[in-house]
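Student: Under UniProt numbering, think of the first position of the sequence shown as 1, with each following residue one higher.
Every residue, glycine too, gets a C-beta built ideally from N, C-alpha and C.
Note that the coordinates shown come from a computational prediction; the quantities given were computed from them, not determined experimentally.
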Amino acid sequence: MNYSVLDDTRCIIGESPVCIDQCLLWVDAESDSIYRFNLKSKQTTQFHVDLPVTALAKLKPSGWLVVTKIGIYAMDEDFQFHQFIANPVEHFPTLRPNDGVASPAGDLWVGTMNSEELESPDGGLFILSRQTLSLSKIDTGFSVANGIAFDKKRRLAYVSNMFKREVYQYQMNSSWTQVLNKKVIVKLSDEDGMPDGLKVDANGTLYICHWDSGLISTYSHTGQPFQRIQLPVKHVTRCTFISNDKLAVTTASYEMSESDFQQLPLSGATFQVDLEGAVADTEFEFDSLLLSEKLNKINTT
Numbered sequence: 001m002n003y004s005v006l007d008d009t010r011c012i013i014g015e016s017p018v019c020i021d022q023c024l025l026w027v028d029a030e031s032d033s034i035y036r037f038n039l040k041s042k043q044t045t046q047f048h049v050d051l052p053v054t055a056l057a058k059l060k061p062s063g064w065l066v067v068t069k070i071g072i073y074a075m076d077e078d079f080q081f082h083q084f085i086a087n088p089v090e091h092f093p094t095l096r097p098n099d100g101v102a103s104p105a106g107d108l109w110v111g112t113m114n115s116e117e118l119e120s121p122d123g124g125l126f127i128l129s130r131q132t133l134s135l136s137k138i139d140t141g142f143s144v145a146n147g148i149a150f151d152k153k154r155r156l157a158y159v160s161n162m163f164k165r166e167v168y169q170y171q172m173n174s175s176w177t178q179v180l181n182k183k184v185i186v187k188l189s190d191e192d193g194m195p196d197g198l199k200v201d202a203n204g205t206l207y208i209c210h211w212d213s214g215l216i217s218t219y220s221h222t223g224q225p226f227q228r229i230q231l232p233v234k235h236v237t238r239c240t241f242i243s244n245d246k247l248a249v250t251t252a253s254y255e256m257s258e259s260d261f262q263q264l265p266l267s268g269a270t271f272q273v274d275l276e277g278a279v280a281d282t283e284f285e286f287d288s289l290l291l292s293e294k295l296n297k298i299n300t301t
């Protein structure tokens, strides 16, 4: 296994990498910044969006859904315009959105957390419907709901319950709106840190990014451990494929001391990890005719 630095920008919490049209995008979840790295030119563009961004999902046919600490917004391709869509916890002042990932059905799955007491189990898992733009809750009891990922072939969804050190596997119905079965597929030890971002490749292999240990671990859909990849960072946050055998990985420098940086100076950078045998899966998109019509009306008035 080889790794290299794609971009050495030191993010506080680099998160939510998405690869679209030969560009890798990610956010710094402790700032207002979104980054776009051109995989051909190797140039990085930084966007300041005046929103406390935490996650990105591609909006079909163009634009982005941006999850922020104050709700979900639609934005244009270059992040100049934003329109509020929804907030699953707007009536709960201590709760906020955290992660967000488009599903194989074209909906958006959103995880929430308690921003004042991270270990409080009042985070939830929600679906923003592409058909109605309404929110429905599908699970509760999260001490930071994080790392949403999907296995389209097997109709499986995976979500991290971060401070419980558990990764859940959900068997979904054909429309990806109802949970048929839920189980703990992976439980991390204290030494291995906490599960953060997740990704599934086309073979059904689950990739778990470890907060507080610099690891990426891989598992089968039955929970069999495969591989452990150590990066020279304190926190690995999330990963996605930029091609077959190549994984892009965001990391964090959150609350690191000077001593920590002396030992792990690349913390917060974005990496490429070269793998053997991995097959990239699709980046799913939020596919909502209703939202497209709504945005078109706003843009023409």
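Are the beta-carbon atoms of Val273 and Lys246 separated by less than 9 Å?
Tutor: Position 273 of the sequence shown holds residue 273. Position 246 of the sequence shown holds residue 246. It is a contact, given that the beta carbons lie within the stated cut-off.
Student: Looking at the unbroken alpha helix (DSSP H) that takes in Leu275, where does it start and where does it end?
Tutor: Counted from its first residue, the sequence shown places residue 275 at position 275. Looking at the DSSP string, Leu275 is not in any alpha helix (DSSP H), and its letter there is neither H nor E.
Student: Need the endpoints of the alpha helix (DSSP H) that Asp8 sits in, please.
Tutor: Taking the first residue of the sequence shown as 1, we reach residue 8 at position 8. Unbroken run through Asp8: none, as it is neither H nor E.
Student: Are the segment 73-81 and the segment 92-108 touching by the rule of at least three beta carbon pairs closer than 8 Å?
Tutor: Because the criterion of three Cβ pairs below 8 Å is not met, the segment 73-81 and the segment 92-108 do not touch.
Student: From Gln83 to Glu191, what distance separates their C-alpha atoms?
Tutor: As a first step, residue 83 is located in the sequence shown; it is residue number 83 there, counting from the start. As a first step, residue 191 is located in the sequence shown; it is residue number 191 there, counting from the start. Gln83 and Glu191: Cα-Cα distance of roughly 42 Å.
Student: Trp176 bridges to which residues according to DSSP?
Tutor: Counting from one through the sequence shown, the residue named residue 176 turns up at place 176. For Trp176, which the question treats as bridged, DSSP gives no partner whatsoever.
Student: Can you give me the C-alpha to C-alpha distance between Lys152 and Val18, rounded to a whole angstrom?
Tutor: What you label residue 152 is simply residue 152 of the sequence shown in a count that begins at 1. What you label residue 18 is simply residue 18 of the sequence shown in a count that begins at 1. Cα to Cα, Lys152 sits roughly 17 Å from Val18.
Student: Can you tell me whether Leu289 is buried or exposed? The criterion is at least 16 other CB atoms within 10 Å of its CB, across all chains shown.
Tutor: The residue given as residue 289 occupies position 289 in the sequence shown. Flag for Leu289 reads exposed.
Student: Over what stretch of residues does the alpha helix (DSSP H) that includes Gln263 continue unbroken?
Tutor: Reading the sequence shown from its first residue, position 263 is the one you call residue 263. It spans Glu258 to Gln263 - the alpha helix (DSSP H) in which Gln263 sits, taken as one unbroken run.
Student: Mind pulling the beta strand (DSSP E) runs of 3 or more residues that sit fully within the segment 153-205?
Tutor: Counting whole runs of 3 or more residues, the segment 153-205 contains the beta strand (DSSP E) stretches 156-161, 166-172, 179-187 and 194-200.
Student: Does DSSP put Ile292 in a helix, a strand or coil?
Tutor: For this step, residue 292 is matched to residue 292 along the sequence shown. The residue asked about is misnamed: residue 292 is Ser in this sequence, not Ile. Three-state DSSP puts Ser292 in a helix.
Student: Kindly list the residues whose CB is nearer than 7 Å to the CB of Gly223, restricted to its own chain and excluding five residues on each side of it in sequence; keep chain order.
Tutor: Reading the sequence shown from its first residue, position 223 is the one you call residue 223. Excluding positions up to five away in sequence, the list reads Ile185 and Val186.
Student: What does Ser246 pair with, by DSSP beta-bridge criteria?
Tutor: Residue numbering aside, residue 246 sits at position 246 when the sequence shown is read from its first letter. Sequence check: residue 246 is Lys here, not Ser. Looking at the DSSP assignment, Lys246 forms a beta bridge with Ser243 and Asp274.
Student: Report the three-state DSSP secondary structure of Ile298 (helix, strand or coil).
Tutor: The residue you call residue 298 lines up with position 298 of the sequence shown. Helix at Ile298.
Student: Should Ile138 be listed as close to the ligand FAD, given that the test is whether its C-beta is under 8 Å from any heavy atom?
Tutor: As far as ligands go, the structure on display features none, and thus does not contain the ligand FAD.
Student: With a cut-off of 8 Å on the beta carbons, I'd call Tyr286 and Leu133 a contact; round off their distance for me.
Tutor: Walking along the sequence shown from the start, residue 286 turns up at place 286. Walking along the sequence shown from the start, residue 133 turns up at place 133. Position check: residue 286 holds Phe in this sequence, whereas Tyr was assumed. That pair is no contact at about 10 Å.
Student: Here's the rule I'm using: 16 or more other beta-carbon atoms within 10 Å means buried, otherwise exposed. How should Arg154 be labelled?
Tutor: Translated into positions along the sequence shown, residue 154 becomes position 154. Exposed, since its Cβ has fewer than 16 Cβ neighbours within 10 Å.
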